[in-house]
Structure formats: structure tokens, C-alpha cells
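Undergrad:
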Amino acid sequence: MLGPVETRSVSPVFIGRAAELTTLLDALDRAAAQGPSPATGACGEPQALLLGGEAGVGKTRLVEEFTAAAARRGAVVALGGCVEIGADGLPFAPFSTALRALREALPEEFAAAAAGQEEELARLLPELGEAGSGRHDEQGMARLFELTVRLLERVAAGPPVVLVLEDLHWADASTRHLLAYLFRTLRAGRLLVLATYRSDDIHRRHPLRPLLAELDRLRTVRRIELARFTREEVGRQIAGILSAEPDPVQVDEIFERSDGNAFFVEELAVAACQGNCTGLTESLRDLLLVRVEALPDSAQRVARIVAEGGSTVEYRLIAAVARLTEDDLIEALRAAVGANLLTVTPNGDGYRFRHSLVREAVADDLLPGERSRLNRRYAEALEADPTLVAADARVMRLASYWYHAHDAAKALPAVLVASVVARRRHAYTEQLGLLERAMELWDSAPEEVRSALRPVDCTEAYPPCGCDPATTPLRYLDLMAEAAVAGRFGGERERALKITKRALRLLDEDPDPLRAAWFWAQRSRLVQAQARGDGWHELATAQDLVRGLPPSEVHAEVLALAANWSMLHRPGPEAVAAAERAVEYARMVGARDIELHARLTLSGLKVDSGEAETGLAEMRQVLEDTLAEGAHQVAARAYVNLPSEMQSVGRDREAAEILREGIAFTRRYGLLDSEAWAWGNLSDALYSLGQWPKAAEAAAHATRVGHSAKPRGAGALKLAHLALARGDLAEAGRQLATSRAHYGTHDPMSQHSVPVARIALGIAAAEGRIDAARAELLKALDAGFPPGTHRYGWPLLLAAATAEADARALPAARPDRAAILDRLAAAVRGLTTGAPLWAAYDHWTRAELRRTEGTDTADTWSPVVSAFECLDRPYDLARVRHRLAAALLAEGGDDERDRAVELLRLAAAVADHLDARPLADSVARLAQRARLALGHGPRQAGAPADPAAELGLTSRERDVLRLVADGRTNRQIAEELFISPKTASVHVSNILGKLGVSGRGEAAAVAHRLELFTARPLTAGTAH
9 MLGPVETRSV SPVFIGRAAE LTTLLDALDR AAAQGPSPAT GACGEPQALL
59 LGGEAGVGKT RLVEEFTAAA ARRGAVVALG GCVEIGADGL PFAPFSTALR
109 ALREALPEEF AAAAAGQEEE LARLLPELGE AGSGRHDEQG MARLFELTVR
159 LLERVAAGPP VVLVLEDLHW ADASTRHLLA YLFRTLRAGR LLVLATYRSD
209 DIHRRHPLRP LLAELDRLRT VRRIELARFT REEVGRQIAG ILSAEPDPVQ
259 VDEIFERSDG NAFFVEELAV AACQGNCTGL TESLRDLLLV RVEALPDSAQ
309 RVARIVAEGG STVEYRLIAA VARLTEDDLI EALRAAVGAN LLTVTPNGDG
359 YRFRHSLVRE AVADDLLPGE RSRLNRRYAE ALEADPTLVA ADARVMRLAS
409 YWYHAHDAAK ALPAVLVASV VARRRHAYTE QLGLLERAME LWDSAPEEVR
459 SALRPVDCTE AYPPCGCDPA TTPLRYLDLM AEAAVAGRFG GERERALKIT
509 KRALRLLDED PDPLRAAWFW AQRSRLVQAQ ARGDGWHELA TAQDLVRGLP
559 PSEVHAEVLA LAANWSMLHR PGPEAVAAAE RAVEYARMVG ARDIELHARL
609 TLSGLKVDSG EAETGLAEMR QVLEDTLAEG AHQVAARAYV NLPSEMQSVG
659 RDREAAEILR EGIAFTRRYG LLDSEAWAWG NLSDALYSLG QWPKAAEAAA
709 HATRVGHSAK PRGAGALKLA HLALARGDLA EAGRQLATSR AHYGTHDPMS
759 QHSVPVARIA LGIAAAEGRI DAARAELLKA LDAGFPPGTH RYGWPLLLAA
809 ATAEADARAL PAARPDRAAI LDRLAAAVRG LTTGAPLWAA YDHWTRAELR
859 RTEGTDTADT WSPVVSAFEC LDRPYDLARV RHRLAAALLA EGGDDERDRA
909 VELLRLAAAV ADHLDARPLA DSVARLAQRA RLALGHGPRQ AGAPADPAAE
959 LGLTSRERDV LRLVADGRTN RQIAEELFIS PKTASVHVSN ILGKLGVSGR
1009 GEAAAVAHRL ELFTARPLTA GTAH
């Protein structure tokens, strides 16, 4: 265990809070449970709690009581507190402190849990080794967060762990982001996370406010709000402090004065006990200073020094700043501790105020000149002896002290060094804040100081642009570039966009094409990320700027970005040319990561253009190179793109194996977006291979894992596809809407828009809305299918041809039918068939087009079945076997019937196994009309003998519905059936009610979907 929990309160008696303490202990019991959790299957169920209350209300005392009880129950308690100097402190400070405590308490368990990830986790806990020096990226922070959560889950797999993070109202942005991620994703381990905050500090614009709102929406997070004490509780608290029953009049006075705030009750009770009248001070703030002013002058001086030094201040640092003799300093500290003003830190090497309210009161009482003088003394002491503070906090503290000392010459270099430390910890928001501070100081710093700074020491993201970063002085534009990238990586994209705008305005005044191109490339990324557009205008501007310039890293990066953009939006010869030049330029300037990215793009474009084997071989080589060189980002992209291209040519089984490797790889390195894309692609592969339950699990993972919206949109679309194939149109519609919301409309890509159109078309067709289905098709046809998008185009054209064939007898389908079919046929002729899968889709779609005319035969469908028998796609094979069986039965003959029976049995077996209800029902209806016995499988046993009877239609209503489906009016129906128009109207009304539709068109659509009346003796139904 961690040993006794430190106590900072005066009252020896714990008053009230019984309900809150019970809530915390109950949560601990759930987290520590030995049996498997129903939600996760693992022991225990992780708990997340927020404890809020105004300053002094008793949060710390409640935490002390709870952690002491938790330790008695065998839990390991790890505490971390946010630093009062906020963004000036070490990013992730409370997590670092808590992880350090866990490592000390459970060294073996911690080492096993961190094994293999020490380099990355060292960003939070330097004791684990040297932090990795790999290239920074937008997934860096998310990767660190994922590894941290996994570390906590693994450590908490043994003894229960209580992780307490105090004073969130002072938390830096990175700490807030990590806490939000922890609360959102924590799924396993015997872990309880408790975070505290001051509710009275959370004003409208406080950065913690949106986080609290977000966490309130999570059902897994509980919030506890501490109320002030009642009058009766105040009396009990005073009795505990005085060790005697207080005078009721005194209780009334203190209760009225303190308003039930526990800390103020203590202060007022102590003041009364020492002979101070509770009415002497004008405010409670003054009351807090009374105790300070009662101290000797030396103790008051030390208290002011500690107040300005931060949340906790090391003894040696206090000594260096106070400049007292050792005896005088110890006497001053003893007086402050004895007056219950200061307390010794848990590790015994420093001091802090017993309560932050007292520290704030003392700090607020400092004069402006006094504050800057104290900060200068702190900075000078720390520069003279860096060992005065812990190594991991030294740089941040020094930067803060010099900045608040208002010494630009000293502060600018210190702030820049601190920004590098923040970047290494993936604390990009703090890095951005420090860089903005450096830009603020830039003009105030002397020229000799600025000219001594070097880009190689302070920046990383900005390429040299033709100069030597080791000898060229740092420029203001270098700071802006680093800040823009920090904003992009940290999610502060609006701030980053403003910075790039200002930078480009400066470059208009002092032109530098290479630097301007770099900033335009950054704007392209930011515009896309902020849903402001597709980013092409910005990339095109960057290309214009570098055109004709000598090869450089910026030039290579712009070309690589343009090639990748074109691959996703406008694949074709221009994209290939850009990718080839990007590879060439990157090799010339030694930009290895850019080269690998460009090679991956180029090889993918080759696969899409028909050079499948060459392109796939090159993609495999890129994957091998990236793994060998430790280029994790490019490797993650290769693990997504390589199997995706394999799937495009029908090699799903091989792709699935690589995707499983990729998921393990991306999870190991915390590459969440890449992992989400891999899950989505795996879902597609498993769907094709007929493993639908696993496909659904993979798609669900894609919707949960991703950090960005688009991979979640892809996962939702896979779920919509599965629901459509299973006949759950409501669920398909919900998931389609979710997918569209995630994809957005600002950055259309064929790989998103065409599959979305295919599912939307399928849903509309299944619901009998042929006009809506056609609208989706026409929108896609108008956009066209650029080279490389045939993999998405073929399923869409097939779905459209199938919908038209199924609706051929619908009156609503007759208008514009010929024009639609002409456009469909033209689109089919325009798509490539260079791979066996694409050729099979071509045969199938052409067969469906013949079915729209009623001219398809067994000879039409036999080649389609043969094509799919060579592919590993059981559901598609079952669908075309069903079509062939219908054609055979329509032709008649004993041999044809025997063959049809076998085909339908095979199709029914697949449909039952996959729970593909539309296909299963179509097979059953076809067999029923042909009077075929397919056996007594589960689907046939429950299939209705007659769909019309299942709907409750009478014989006369069937006759009427047949005529309604043919588009007859009530008068025409009356004449045909020798009844009155009024009777015909009554029959139509009854039919609409039984079918659950609102109009004649919908009734006709239902009749045709269920194949109640057919234009041919026997026909196949619809399966999606």
C-alpha cells in the first residue's frame, strides 16, 4: 500500500457526508468485485466519479476519509493534484504524479503493464526511460492517451486501484483531454477514478465547463456535489475543533458568518478560540490574512515566498529565495506550520499552504513589484542550481518564473525550451500556449537574444526551406509555423487557422514562395479538419508556389499531399504524375517519411488503374520497409490501404489476415484512427466472406475506436449494409443517417459518397420508393466514376439494375424508365472489368438489365453463377443462384426443375446461416409457387404458405389489389370485376389498412415486393 494518507484539516472529527462517503465506497465495491462484470466479462467494473463543491466546502476531507477507507480495504491509492499555476506547470502533472505513486506501490505489475511501451509512456513518466523521438503527428496525443488507459487497466487487473485527481479547475488542457478520454474509454480493470473540482470557479468561459458537460452525458460517470453544512453539522464541527460543546450563540454567529462553508467554520472557530471576535474583520478574505499577520515578520515573509512559488515549493528552493540563515528559516517555517498555515508535503521535501484559499489570499495581497521580484528570485535561484526542483518540472517552472518576472530577454529562451518539453510530452495545447507567449515576447526581447536562437533547438515541424537550421537565426515565422502545427495536433484548429492567416499576410509583405507553400499546405489540412471545404484550393495554391523551384522537402510534401488528395477525390493520370514526382523529390532531399507515404499512394493508384499485381507488390514492400524502419504512421496507413486494395480486386480472405495484423499493430501503438479504418475494412471483408456476426462486431468497433468522424462514419455504413441485407430497414436507415452525419458534406469523396448512395438506393427500393432510388442513382451518375472508383461503382450499378428489374411491373416505375435504363447501360459499359471480381459484377449487372426487359434466361444467369463460383463470396453466390433457379423454372422441364431445386437449397442454406431474410423469403416464395420441396430447414418451416393470406386479404381483395398494382382506377376496377365503383373504393380502403400503407402506389409496391402477382409464370424476388 502507499502508506498513510496525508491529512490537511484541523478538525479531528469527520462531520456529515455520510451519503457521499457511502456512494464512494459502494463504487469501490463495484470496481473491486471479484466476479466477472456483465458488461466486460472481466473482474470488477471500472468506476468514474466527479466530486464538485465550492472552495472550502470539504472536498479534500471527504477524499481523505474515502482513501483511508479504501486503503484499509486493500486498495492501492494513487493521488495526483493539478498545479495552481495551470498552463505554466508541467503538462499532465496530476497523471504523472499518480502514475509515479502506482509504480512505487506496484513495481512488478506496473513494469509488466508498461512492457514494450516505455518510450511512449515516458512522456508522462520520465523514469521509464527516454521518450521516443519519432515524428509528431495528429494522432500522437490520442496514441499516448490510449496507451495510458491500457496501462491503468492492466495495473488494475490485480489489486483494486483508486486514482484520485484533485483540483481539476486548475488542470492544463492536456490533462483535461486525457481525463475525458479515460472516462470515455475505460472498460476493464478493478479501477476507480475520482476527480475533484471547485464548482464556484467554473464560470461561463472556464475551460473545464465544456468537459463537465461532456462527462455529464456519459452514463458511466457519476457526479457528486457537496453542499454546505447545516447549522447542526456546523455545531458538531466546532465541538470537534474545540473538544467541547460550543456556546449555541457562538454556533449561530459562526454559522451565519461562514454560511456553512467547512473551511471558514474552522477559521472562525480557531479565531474565536484564540480570542479574536468573529465580527472584527470586514471580509472572510481578511479573516484568512489575520492568521498570517499574527506571525513573526520572517514567517510572514516566507509565507509570501511560498504563495508565489506555486502549489508546492521545495525547501531548498525556499531557502535560496528567502536568503535567511538556516536557523532563521527553520524558525520561520516552524511558526507557519505551527499556526496551521503551511504543511509539509507528503514526500517531506517541501511545503505548501494547508488550503489553497489561504495561498490565494496571501498571493493576492502581494504588490505588483513584489510579485515580479519574487519570480525573478525564483528564476535566478533555479538557474544557479537546477537541482533545486525535480528534473521533469524544472524547465516549465523556470519559464513561468522568468515570464512573470517580466524579463523578456530571459523569458523568451526559457519559454521556447519549455515549448519543446511540452511537444515531447505530446502536450500540444500547452506547446501552443507557450509558443504564443514566445510570440508575445518576441518584439520585447533584445536583438542579440533573438539572433542567438536557432530553429534546430526550438522547432521541429517547419522544414529548413533552403537554410541551415543549425546556423540560421530563428525567425518569427518559425514560431508561427511551429504554433500552427501544435494547434493542429492539439485540436486547437481555429487558433492554428488564425496563425496561418497571419503568417501568409506577413509573407505577402516579404515574399518567400517555399515558406508560403508550406503554410498553404497546413491550411489545406486545417480547412478539411474544420469542415470548411475539401482543401484543394489551398493545395493548388501551394503547388503553384513551388512550381519551378528546386527540389526541397516542402516541394516533396506538397506533391505528396496533392497526390493523396487526388487519389481520394480525383484519381487519374494527374494523381499518378504527382505521386511519382513526390517520390522522386523526397528521395532527392532525403525525406524518407514523405517518400514512403508517396510510394504508398502511387502503388494504390496503380492497383486502381488496373496494374493490380504490380501495385500490390509495391504496397507490400512499403509495409515491410516501414516496419523495418519504425515508421509507425506510414505502417499504419499501409495496414489500412494494402488490404483495402486487395478487397477491391476480390482477395478478401487474404486482406482479412493483414487487417487483423494491422489492428494489433495500430492498437499496440495507440493509432486510433488507423485502427478504426482497419476495423471498418475488416467488416467489409468478413461481409464478403459470409461471416456476418463477426462483420457486425468489427463495424461496431470502427464506430467506437476512431478519434475522427470519418472512420466512425464508415463503421456506421457497414452496419447499415448488414441491416439492409438482413431486411431491417429501420436500422439500416438509422445507421445510414449516422454515417452521413459523420461524413458531412464539406469534403465529398467517391469512396464515401458512392457506397452511401448504394445503401440509400437499396433502402428506397426495398420500401417501394422507386423515384427516390432513381434520384440516388442519378446523383451518382452525374458525379461520374473517375478512374479507380469502379470498386464502388459496380455495387451501386448492380443495386440500381436490381431495383429496376424488381419494379418493372410497377406503374410508378414506368415514367422515365427507358431513359434510366439507357443511362445505366452506358455507365456499365464505361466501368473497367480488369479483375475477376469486376468482371463478375459486369456479368451480374448486365443480367439484371436483361431482367428489367423480361428477356433473361438460364443462359443469361449461368455465366454469372460460374463467375461467382470462382470467388470467395457466398452471399453473392447465393443471390445469383436464386436468379438462375428462377430462370430455369420459367423455362420448364424436369432437368431444369431438378437443377433449380439444388440451387435453391444452396441459396436457402446460405440465407438461413446469414439471417439474410429478404433472400430467404424470396427463395421460399419461389419454391412455394413452383411447388418445390427444399427440405425442412428453419426458414422453410416458418415461411408463410401464402403471403396474401398472411396479410389477411380475401379472395376479392386479391383481385382488387392485382388491378390496383396494374394502375387501374376505381371505375376501371368496378368494370373489370362487375361491381360498383363505391364497392371497389371500399375494397381499396380495406386493402390499404391491411397492408399498412397510405396510398395506392405504396400498395402496388408491396404487392410487387412480395411477388403476389407476376408478369411471368415464375420470377425471382429482391435480395439486397
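Residue numbers (the working numbering): 9 to 1032.
Even for Gly, the Cβ is constructed at its ideal location relative to N, Cα and C.
Rounded to whole angstroms, what's the CA-CA distance from Glu-62 to Val-259? Just pull it up for me.
TA: Translated into positions along the sequence shown, residue 62 becomes position 54. Translated into positions along the sequence shown, residue 259 becomes position 251. Answer to the nearest angstrom: the Cα atoms are 21 Å apart.
Undergrad: If we call anything under 8 Å between Cβ atoms a contact, is Met-654 one with Thr-609?
TA: The sequence position of residue 654 within the sequence shown is 646, counting from 1. The sequence position of residue 609 within the sequence shown is 601, counting from 1. Not in contact: Met-654 and Thr-609 (Cβ atoms no closer than 8 Å).
Undergrad: Can you grab the Cα-Cα spacing for the pair Ala-783 / Ala-811, in whole Å?
TA: For the purposes of this step, residue 783 is taken as the residue at position 775 of the sequence shown. For the purposes of this step, residue 811 is taken as the residue at position 803 of the sequence shown. Spanning the two alpha carbons is a distance of roughly 12 Å.
Undergrad: Could you check whether Lys-726 and Gly-688 sit closer than 8 Å to each other, using their CB atoms as the reference points?
TA: On the sequence shown, position 680 is the one that residue 688 refers to. On the sequence shown, position 718 is the one that residue 726 refers to. In this structure, Lys-726 lies closer than 8 Å to Gly-688 by Cβ.
Undergrad: Would you call the CB atoms of Ala-343 and Leu-303 closer than 8 Å?
TA: The residue given as residue 343 occupies position 335 in the sequence shown. The residue given as residue 303 occupies position 295 in the sequence shown. Yes.
Undergrad: Examine the ligand FMN and report whether any of its heavy atoms sits within less than 7 Å of the Cβ of Glu-965.
TA: In the structure shown, the ligand FMN is absent, as is every other ligand, since no ligand is present at all.
Undergrad: Quick check on DSSP: helix, strand or coil for Val-229?
TA: For the purposes of this step, residue 229 is taken as the residue at position 221 of the sequence shown. Three-state DSSP puts Val-229 in a strand.
Undergrad: Kindly indicate if chain B contains any beta-carbon less than 8 Å away from that of Gly-268.
TA: Absent from the structure is chain B; it holds one protein chain and no more.
Undergrad: Can you tell me whether Ala-826 is buried or exposed? The criterion is at least 16 other CB atoms within 10 Å of its CB, across all chains shown.
TA: Working through the sequence shown from its first residue, we reach residue 826 at position 818. Exposed is the call here.
Undergrad: How long is the line joining the alpha carbons of Leu-515 and Glu-662, rounded to whole angstroms?
TA: Within the sequence shown, the letter at position 507 stands for residue 515. Within the sequence shown, the letter at position 654 stands for residue 662. Their backbone Cα atoms lie some 50 Å apart in a straight line.
Undergrad: For the beta strand (DSSP E) holding Leu-176, just list the boundary residues, first then last.
TA: In the sequence shown, residue 176 corresponds to position 168, counting from 1. Looking at the DSSP string, Leu-176 is not in any beta strand (DSSP E), and its letter there is neither H nor E.
Undergrad: Which residues in the same chain have their Cβ closer than 6 Å to the Cβ of Ala-875, if we skip the five residues on either side of it in sequence?
TA: In the sequence shown, residue 875 corresponds to position 867, counting from 1. Within the same chain, Ala-875 has close Cβ partners Ala-848 and His-851.
Undergrad: Per DSSP, which one or two residues make a beta bridge with Glu-322?
TA: Stepping through the sequence shown from its first residue, residue 322 is reached at position 314. In DSSP, Glu-322 forms a bridge with Gly-358.
Undergrad: Using beta-carbon positions only, say whether Tyr-409 and Leu-390 come within less than 8 Å of one another.
TA: The residue given as residue 409 occupies position 401 in the sequence shown. The residue given as residue 390 occupies position 382 in the sequence shown. In contact: Tyr-409 and Leu-390 (Cβ atoms closer than 8 Å).
Undergrad: Quick one: grab the DSSP three-state call for His-1016.
TA: The residue given as residue 1016 occupies position 1008 in the sequence shown. DSSP places His-1016 in helix when its eight states are reduced to three.
Undergrad: Distance, Cα to Cα, Asp-902 vs Asn-978?
TA: Start at 1 with the first residue of the sequence shown, and residue 902 comes out as number 894. Start at 1 with the first residue of the sequence shown, and residue 978 comes out as number 970. When rounded, the distance between both Cα atoms is 42 Å.
Undergrad: What did DSSP end up calling Leu-694 once you bin it into helix, strand or coil?
TA: Counted from its first residue, the sequence shown places residue 694 at position 686. Three-state result, Leu-694: helix.
Undergrad: Considering only DSSP beta bridges, list what Tyr-205 is partnered with.
TA: Translated into positions along the sequence shown, residue 205 becomes position 197. DSSP output for Tyr-205 lists Gly-60 as bridge partner(s).
Undergrad: Is it true that the segment 171-180 meets the segment 130-139, where meeting means three or more beta-carbon pairs spaced less than 8 Å apart?
TA: Too few Cβ pairs lie closer than 8 Å, so no.
Undergrad: Helix, strand or coil, according to DSSP, for Thr-105 in the structure here?
TA: Your numbering for residue 105 matches position 97 in the sequence shown. Thr-105 falls in the helix class under three-state DSSP.
Undergrad: Look at the Cβ atom of Lys-67, then the Cβ atom of Leu-57, and state whether they are nearer than 8 Å.
TA: Counted from its first residue, the sequence shown places residue 67 at position 59. Counted from its first residue, the sequence shown places residue 57 at position 49. Going by C-beta atoms, Lys-67 is not nearer than 8 Å to Leu-57.
Undergrad: Look at the alpha carbon of His-750 and the alpha carbon of Ala-587, and state the distance between them as a whole number of angstroms.
TA: Here the question's residue 750 lines up with position 742 in the sequence shown. Here the question's residue 587 lines up with position 579 in the sequence shown. So the alpha carbons of these two residues sit roughly 29 Å apart.
Undergrad: Just confirm the distance between the C-beta atoms of Ser-532 and Leu-547, as a whole number of angstroms; I'd bet it's less than 8 Å.
TA: Position 524 of the sequence shown holds residue 532. Position 539 of the sequence shown holds residue 547. Confirmed, about 5 Å.
Undergrad: Within the same chain, show all residues whose beta-carbon is closer than 7 Å to that of Glu-4, passing over the 5 residues directly before and after it, in chain order.
TA: The shown model of the chain, from 9 to 1032, leaves out residue 4, and the question about it has no answer.
Undergrad: Express the C-alpha separation of Ala-387 and Leu-70 in angstroms, rounding to a whole number.
TA: Numbered from 1 along the sequence shown, position 62 holds the residue referred to as residue 70. Numbered from 1 along the sequence shown, position 379 holds the residue referred to as residue 387. Computed Cα separation, rounded: 36 Å.
Undergrad: With three or more beta-carbon pairs closer than 8 Å as the criterion, would you say the segment 927-943 touches the segment 904-919?
TA: The answer is yes - the segment 904-919 touches the segment 927-943, with three or more Cβ pairs under 8 Å.
Undergrad: Do you know offhand how far Glu-455's Cα is from Lys-418's?
TA: In the sequence shown, counting from the first residue as 1, residue 455 sits at position 447. In the sequence shown, counting from the first residue as 1, residue 418 sits at position 410. Rounded to whole angstroms, Glu-455 to Lys-418 spans 13 Å at the Cα level.
Undergrad: I'd like the span of the beta strand (DSSP E) that includes Thr-333, first residue to last.
TA: Against the sequence shown, residue 333 aligns to sequence position 325. Thr-333 -> no beta strand (DSSP E), and no H or E assigned at all.
Undergrad: Looking only at its own chain, which residues have a Cβ that is under 6 Å from the Cβ of Ala-550, when we skip the five neighbours before and after it?
TA: Indexing the sequence shown from 1 puts residue 550 at position 542. Cβ neighbours of Ala-550 beyond the five flanking positions: Ala-525, Trp-528, Ala-529 and Val-566.
Undergrad: For the beta strand (DSSP E) containing Val-352, name the first residue and the last one.
TA: Within the sequence shown, residue 352 is the residue found at index 344, counting from 1. Note, Val-352: beta strand (DSSP E), 350-352.
Undergrad: Nearest to Glu-517 by CA position, among Glu-500, Trp-544 and Leu-485, is which residue?
TA: By 1-based counting over the sequence shown, the position of residue 517 is 509. Among Glu-500, Trp-544 and Leu-485, the Cα nearest to that of Glu-517 belongs to Leu-485.
Undergrad: List the whole-angstrom C-beta distance separating Ala-606 from Ala-571, where the pair is believed to meet the contact cut-off of C-beta under 8 Å.
TA: Position 598 of the sequence shown, counting from 1, holds the residue named residue 606. Position 563 of the sequence shown, counting from 1, holds the residue named residue 571. With a Cβ gap of about 6 Å, Ala-606 and Ala-571 count as contacting.
Undergrad: Report the rounded CA-to-CA distance for Ala-791 versus Ala-733, giving the unit in angstroms.
TA: Within the sequence shown, the letter at position 783 stands for residue 791. Within the sequence shown, the letter at position 725 stands for residue 733. The alpha-carbon atoms of Ala-791 and Ala-733 are separated by roughly 26 Å.
Undergrad: Could you check if Thr-1051 is buried or exposed, using at least 16 other CB atoms within 10 Å of its CB as the buried criterion?
TA: What is shown of the chain runs 9 to 1032, which leaves residue 1051 out entirely.
Undergrad: Mapping DSSP to helix, strand and coil, what is Ala-86?
TA: The sequence position of residue 86 within the sequence shown is 78, counting from 1. In this structure, Ala-86 counts as strand in the three-state DSSP scheme.
Undergrad: Distance check for Arg-816 and Arg-1024, CA to CA, integer angstroms please.
TA: Here residue 1024 refers to the residue found at position 1016 of the sequence shown. Here residue 816 refers to the residue found at position 808 of the sequence shown. Note that Arg-1024 scores a pLDDT of 42, beneath 50, so its modelled location is shaky; the value from the coordinates is reported in the next line. Cα to Cα, Arg-1024 sits roughly 11 Å from Arg-816.
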